[in-house]
Amino acid sequence: MKVTIQPGDLTGIIQSPASKSSMQRACAAALVAKGISEIINPGHSNDDKAARDIVSRLGARLEDQPDGSLQITSEGVKPVAPFIDCGESGLSIRMFTPIVALSKEEVTIKGSGSLVTRPMDFFDEILPHLGVKVKSNQGKLPLVIQGPLKPADVTVDGSLSSQFLTGLLLAYAAADASDVAIKVTNLKSRPYIDLTLDVMKRFGLKTPENRNYEEFYFKAGNVYDETKMQRYTVEGDWSGGAFLLVAGAIAGPITVRGLDIASTQADKAIVQALMSANAGIAIDAKEIKLHPADLNAFEFDATDCPDLFPPLVALASYCKGETKIKGVSRLAHKESDRGLTLQDEFGKMGVEIHLEGDLMRVIGGKGVKGAEVSSRHDHRIAMACAVAALKAVGETTIEHAEAVNKSYPDFYSDLKQLGGVVSLNHQFNFS
Ligand SMILES: O=C(O)C1=C[C@@H](OP(=O)(O)O)[C@@H](O)[C@H](O)C1
Ligand SMILES: C=C(OP(=O)(O)O)C(=O)O
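Right, dumping it as structure tokens:
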């Protein structure tokens with residue numbers, strides 16, 4: 001699918017999408033917490049659909065309710081299929097693999113698209129220490145897992161991704177781990193672990209003592225109440241919302257609703273970046289208002305919120321001067337090698353980006369030109385290009401624009417609702 005965006009102004013009020021990080025964790029927590037869980041504001045992105053499908057293959061019953069909420073009934077991890085399919089979701093595969101391993105059944109773990117080439121060596125290295133048999137395709141998919149996982153003291157390297165630790169924390173909680181510790185070295189994307197612990201708490205799961213993110217200690221006792229019905233509201237998405245906020249700062253005025261400033265989500269840090277860029281932003285408990293202002297270059301460390309790079313680059317393109325963003329090394333194993341993808345695709349739009357080790361320099365404020373770009377099948381690249389296109393000179397066409405379905409299926413219709421001139425050109429295959 002191609003999408004064409006004409007430059008223009010945005011105006012109006014928009015509700016942020018549901019966070020896939022929150023929704024996927026809720027599905028996992030509902031599965032392992034047992035009993036009945038009610039998920040309010042469930043997400044419908046492809047990654048959310050993958051998580052829903054996984055928990056049903058692991059034995060949970062999912063029922064969409066007339067009021068739009070989702071009811072999940074679970075008796076624990078009881079696989080009813082020989083495989084789970086994680087689609088393109090890094091979080092799903094890394095979070096659900098240790099959870100699948102709670103069962104003694106052999107389960108194959110599949111995925112598609114970019115997920116097939118993303119590194120999963122962690123499982124070969126760690127799971128055998130926990131009594132789990134693992135077969136992988138040299139650290140890549142598919143994986144074949146056979147548990148049951150027995151919690152034990154382990155040390156994990158948190159530098160590649162926090163998602164493996166998220167999976168272990170949930171699996172240890174479900175296995176009622178006692179007097180064992182998960183030690184972590186060099187943890188990156190730390191706020192995502194806060195989100196995991198927050199969801200675990202809200203579902204009444206056993207939570208470990210967090211010893212400065214270097215050790216998560218599960219004490220004996222402190223077991224959850226299976227008979228309690230859990231109600232969890234999926235949070236508004238700061239990751240997808242960041243694109244809306246930047247769009248408002250460039251082409252507003254707009255108002256974004258549904259983003260909680262008290263959230264543990266990593267990407268609420270977009271607010272600091274917008275403030276450093278001198279964006280027109282006003283925040284209260286209910287909404288965030290954005291309006292165009294004279295934007296200046298800024299410095300920002302995105303090491304722990306790597307998903308902010310694409311919206312930050314769209315913002316920096318309109319900021320006068322040289323913006324410096326740290327944390328490029330975190331981008332190599334996302335849906336694309338995002339540092340390079342941003343450099344190439346924004347290069348087509350006339351924005352100069354330099355990559356120097358862990359640092360990205362964006363030369364902004366020199367004008368953005370409409371161009372033919374490609375998402376490279378990466379949702380955040382599609383959204384970044386679309387936002388940058390709003391004030392470009394000339395129209396922009398985004399190839400493989402459907403990539404947004406991974407996290408934010410309503411992205412283009414939301415832009416349209418705000419008055420964006422967006423047209424969708426489906427490519428039909430007549431063969
Ligand atoms: O736990 C999560 O929900 C996520 C963690 C982050 O990954 P890393 O921990 O690999 O940085 C982030 O990039 C990803 O989009 C979602
Ligand atoms: C990298 C991302 O997600 P995941 O790792 O869950 O596939 C993302 O949403 O940008």
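So the sequence shown is numbered by the UniProt record's numbering: it starts at 1 and just counts up by one.
Heads up, the beta-carbon is just placed ideally off N, CA and C, and yes, glycines get one too.
Classify residue i: buried if its beta carbon has 16 or more other beta carbons within 10 angstroms, exposed otherwise.
i, result
"L424", "exposed"
"V404", "buried"
"S112", "exposed"
"R94", "buried"
"A314", "buried"
"G370", "buried"
"F430", "For F430, the predicted model reports a pLDDT of 42, less than 50, meaning its position is unreliable; a value from the coordinates is still stated below. Exposed is the call here."
"T155", "exposed"
"F428", "Note that F428 scores a pLDDT of 46, beneath 50, so its modelled location is shaky; the value from the coordinates is reported in the next line. With fewer than 16 other Cβ atoms within 10 Å, it is exposed."
"Q65", "exposed"
"M383", "buried"
"D267", "buried"
"H400", "buried"
"G367", "exposed"
"I381", "buried"
"E402", "buried"
"K201", "exposed"
"D378", "buried"
"V373", "buried"
"E88", "buried"
"I109", "buried"
Have a look at the options and flag the residue whose alpha-carbon is nearest the alpha-carbon of residue i.
i, options, result
"T397", "R57, S413, K348 and R361", "K348"
"L10", "R361, A251 and S374", "A251"
"P253", "G12, P7, A269 and K2", "G12"
"K104", "V134, E125 and I126", "V134"
"A173", "L160, K183 and Y217", "Y217"
"V107", "C86, V116 and F122", "C86"
"W238", "K49, E209 and P191", "P191"
"D176", "G158, K206, I193 and L168", "K206"
"G43", "E214, A81 and G240", "G240"
"S161", "I193, K183, E209 and M360", "I193"
"F298", "G364, G357, Q343 and H354", "G364"
Please state whether the Cβ-Cβ distance between residue i and residue j is less than 8 Å.
i, j, result
"I54", "Y232", "no"
"V32", "G59", "no"
"Y412", "V422", "yes"
"A316", "V271", "no"
"S407", "D47", "yes"
"E235", "S263", "yes"
"F300", "A273", "yes"
"S74", "G35", "yes"
"I325", "F346", "no"
"G147", "A101", "yes"
"A277", "C319", "yes"
"A392", "P7", "yes"
"Q265", "S21", "yes"
"I281", "V256", "no"
"V246", "A29", "no"
"I72", "S37", "yes"
"P131", "K150", "As written in the sequence, residue 131 is Gly, which differs from the Pro given in the question. Cβ atoms of G131 and K150: closer than 8 Å."
"P311", "A242", "yes"
"A181", "D157", "no"
For the alpha helix (DSSP H) containing residue i, name the first residue and the last one.
i, result
"F300", "Element bounds for F300: not the alpha helix (DSSP H) but the beta strand (DSSP E), E299 to D301."
"D48", "N46 to R57"
"R190", "R190 to R202"
"S19", "Element bounds for S19: n/a, residue is neither H nor E."
"G167", "Q163 to A174"
"A277", "Note, A277: premise wrong, no alpha helix (DSSP H); not H, not E."
For residue i, which residues does DSSP report across the bridge?
i, result
"K78", "Per DSSP, none; premise fails for K78."
"Q6", "V421"
"V134", "I145"
"G12", "I254"
"L70", "I39 and D64"
"G350", "DSSP lists no partner for G350."
"V271", "Its beta-bridge partners do not exist; DSSP assigns none."
"Y213", "According to DSSP, Y213 bridges with nothing at all."
"I85", "According to the sequence shown, residue 85 is Asp rather than Ile. Its beta-bridge partners are K110."
"E125", "Looking at the DSSP assignment, E125 forms no beta bridge with any residue, so it has no partner."
"I363", "E322 and E352"
Specify, as a first and last residue, the run of the beta strand (DSSP E) that residue i falls within.
i, result
"I36", "G35 to I40"
"residue 432", "Lying outside 1 to 431, the shown extent of the chain, residue 432 is not represented and no answer is given."
"K183", "V180 to T185"
"E291", "One detail in the question is off: residue 291 reads as His in this sequence, not Glu. Run containing H291: E287 to H291, per the beta strand (DSSP E) assignment."
"T264", "Unbroken run through T264: none, as it is neither H nor E."
"S374", "E372 to S374"
For ligand 3, is there a heavy atom less than 7 Å away from the beta-carbon of residue i?
i, result
"T166", "Among the ligands present in this structure, namely ligand 1 and ligand 2, ligand 3 is not found."
Determine, using beta carbons only, whether residue i comes closer than 8 Å to chain D.
i, result
"I14", "The structure shown has no chain D; it contains just one protein chain."
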